[in-house]
Each structure stands twice: as structure tokens, then as C-alpha cells.
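Below: the structure, in C-alpha cells.
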Amino acid sequence: MAHRIPPTARICPACDGFASVAITLGGRDTHGHLRTITAHCPACHGTGTARRVRLQEVNS
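Just so we're aligned: the sequence shown equals residues 1423 to 1482 in my numbering.
If you want it as C-alpha cells, here you go:
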């Protein structure tokens, strides 16, 4: 009986799966909260996975 091998994870090569990060802007606001912004990976748009690419045959 053949065992099925699960498909490999499609992790984004640009961010290694860490698609969104919080970057501190330095300092705190008047309430004492740390000011941060969220940055997303430009390659995968914050999903952490890479698209599957199919090669198309070119008929000459």
C-alpha cells in the first residue's frame, strides 16, 4: 500500500513565512502606548505563502 506524501508548504521565499511585522516608530504617545506601524511583505502581500507557478508550453 502506497503512502501519500503531504505537499510541501509553499512558504514565501522573500519573508520565510513571516509576512507581517510590527515596527516601532520610537517613543510613546501621550497615553504611554508604544507607537507601531504594520509592514507587509511586498512579494506575498502579507499571506506568508508563495503562489504556485505553472509553466506553460510555448507552441512555436
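Glycine included, every Cβ here is placed at the ideal spot set by N, Cα and C.
Between residue i and residue j, what straight-line distance do the alpha-carbon atoms span, to the nearest angstrom?
i, j, result
"residue 1463", "residue 1473", "14 angstroms"
"residue 1442", "residue 1453", "25 angstroms"
"residue 1432", "residue 1460", "23 angstroms"
"residue 1449", "residue 1435", "32 angstroms"
"residue 1428", "residue 1455", "44 angstroms"
"residue 1447", "residue 1458", "6 angstroms"
Grouping DSSP H, G and I as helix and E and B as strand, with all else coil, what is residue i?
i, result
"residue 1455", "coil"
"residue 1425", "coil"
"residue 1469", "coil"
Could you spell out the range, first to last residue, of the beta strand (DSSP E) harbouring residue i?
i, result
"residue 1449", "1442-1450"
CB-CB under 6 angstroms to residue i, same chain, minus the five flanking residues each way: which ones, in chain order?
i, result
"residue 1468", "1441, 1442, 1462"
Please go through the same chain and pick out, in chain order, the residues whose beta-carbon is closer than 7 angstroms to the beta-carbon of residue i, but skip the five residues on each side of it.
i, result
"residue 1471", "1432, 1433, 1434"
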